[in-house]
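Residue numbers (mature numbering (1 follows the signal peptide of the UniProt record, and there is no 0)): -21 to -1, 1 to 313. Following: one structure in structure tokens, then a few remarks.
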């Protein structure tokens, strides 16, 4: 994966600068000189992105001699399931919880209870609101990823006017919100601009995205660009566009950088995807958890794990890498 050794070393240096010598401990596994006991809570255990993140975290924990337990919500948006997982981890006495929150606010009370017992809490992939609901966040800068997506789409449109559909993720998710806002910034559009012909939430799900796009296209098929929150969403939208004979006319980029998404760029289903790096999130989260168990130090703040545009149709002014590079660095099954 992309720059694994370098990124981990750099990331650890950054973590160290954000660490404090907090030694107060109210519960959970002993943080000083002990074995890290890590609980990972993902949004689902079916989305390939979170499957890969979990596998990377488990491998990193095994390599560092840490105990590792993984739980997940039953579906994207299952806040209650994630709350139950957090409470389970509190009872099991984990020393660190790594979590990809379904909602930026939906699990905050449970996270507060975990932190009150002395458990280190790190958000991966998805930031909480407020940010200090967790000790630290390790994630893609989702606004920047959305901005890159939007800037690429704008450049690819050339002289054609933007007539845009916005296929977002889960309502209340900071990932979806930031990517939405970033895309509009990259396109040079304001929220509510007349160029936005329709918006719907699809919870990152391919079937829901196809259905939502079909509903929007039934109202207006005069579309030149689509924002898709992630690659499963893009696959659903592509099916909807294809059924109306519009797939070749609409500029669609996405965000994720999974191997399936890179293959979709190669085949022309989407023009570009913005790759993110779940392996970095998992590695840095586990490293912080192990350091916390060893010394009691806690990381703080936000760490951006980076994003890269992948396309074989590069646009002036938009830094990118070709599909061949993406195939070497993508995550998930090849």
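C-beta: ideal position from N, C-alpha, C; glycine also. Since we're looking at a predicted model, the values are computed, not measured.
Next item on the list: Taking residue 386 as part of the beta strand (DSSP E), name the residues at either end of that continuous run.
Entry: The structure shown does not extend to residue 386, since the chain is modelled only from -21 through 313, so no value can be given for it.
Check: Considering residue 215, what are the terminal residues of the alpha helix (DSSP H) in which it resides?
Finding: 210 to 222
Margin query: Using the three-state DSSP reduction, which class does residue 58 fall into: helix, strand or coil?
Written below: helix
Note to self: Classify residue 3: buried if its beta carbon has 16 or more other beta carbons within 10 angstroms, exposed otherwise.
What the structure shows: Since pLDDT at residue 3 reaches only 33, below the 50 mark, its modelled position is unreliable, and the value read off the structure follows with that caveat. Flag for residue 3 reads exposed.
Notebook entry, point to check: Given that a residue counts as buried once 16 or more other Cβ atoms are within 10 Å of its Cβ, and exposed if not, what is residue 153?
Noted result: buried
Check: Okay, do the region 232 to 241 and the region 22 to 36 touch, 3+ Cβ pairs below 8 Å being the bar?
Finding: yes
Check: Hey, out of 288, 264, 283, 289, whose CA is closest to residue 277's CA?
Finding: 264
Next item on the list: Leaving out five residues on either side along the sequence, give the residues of the same chain with a beta carbon under 6 Å from the beta carbon of residue -1.
Entry: Reliability fails at residue -1, whose pLDDT of 32 lies under 50, so the model's placement of it is uncertain and the value that follows must be treated cautiously. Excluding positions up to five away in sequence, the list is empty.
Next item on the list: Can you tell me the Cβ-Cβ gap for residue 244 and residue 286, rounded? I've got them flagged as a contact below 8 Å.
Entry: Their Cβ separation, rounded to whole angstroms, is 15 Å, which puts residue 244 and residue 286 out of contact at 8 Å.
Check: Which stretch, first to last residue, makes up the alpha helix (DSSP H) that contains residue 180?
Finding: Residue 180 -> not in any alpha helix (DSSP H); beta strand (DSSP E) instead, spanning 175 to 180.
Item checked: Run of the beta strand (DSSP E) containing residue 279, from where it starts to where it stops -> That residue, residue 279, is in no beta strand (DSSP E); it is neither H nor E in DSSP.
Next item on the list: Within the region 234 to 278, note down every full alpha helix (DSSP H) run reaching 4 residues or more, in order along the chain.
Entry: 238 to 246, 257 to 274
Next item on the list: Have a look at 54, 35, 66 and flag the residue whose alpha-carbon is nearest the alpha-carbon of residue 183.
Entry: 54
Note to self: Which of the three DSSP states is assigned to residue 84 in this structure?
What the structure shows: coil
Next item on the list: Scan the region 10 to 38 and note each continuous beta strand (DSSP E) run of 3 residues or more that stays entirely inside, going in chain order.
Entry: 16 to 21
Notebook entry, point to check: Any idea what DSSP makes of residue 189, helix, strand or coil?
Noted result: helix
Check: By Cβ distance, which residues of its chain are closer than 7 Å to residue 186, with the 5 residues on each side in sequence left out?
Finding: 215
Margin query: What would DSSP say about residue 229, mapped onto helix, strand or coil?
Written below: coil
Note to self: Quick check: the Cα distance between residue 9 and residue 16, rounded to an integer number of angstroms?
What the structure shows: Low confidence applies here, because residue 9 scores a pLDDT of 48, under 50, leaving its location unreliable; read the following figure in that light. Taking the straight line joining both Cα atoms gives about 9 Å.
Item checked: Identified DSSP bridge partners for residue 206 -> 145, 232
Item checked: Sequence-distant residues of its chain with Cβ nearer than 7 Å to residue -6 (five each side left out) -> In this prediction, residue -6 has a pLDDT of 37, which is less than 50 and means its spatial position is unreliable; what the coordinates show is noted afterwards. Counting only Cβ-Cβ distances below 7 Å, and skipping sequence neighbours, we find nothing.
Margin query: Tell me which residue opens and which closes the alpha helix (DSSP H) that residue 115 is part of.
Written below: From DSSP, residue 115 is part of no alpha helix (DSSP H) but of the beta strand (DSSP E) over 115 to 118.
Note to self: Can you tell me whether residue 299 is helix, strand or coil according to DSSP?
What the structure shows: strand
Next item on the list: Quick one: give me the first and last residue of the beta strand (DSSP E) that residue 163 is part of.
Entry: Not the beta strand (DSSP E): residue 163 falls in the alpha helix (DSSP H), residues 153 to 166.
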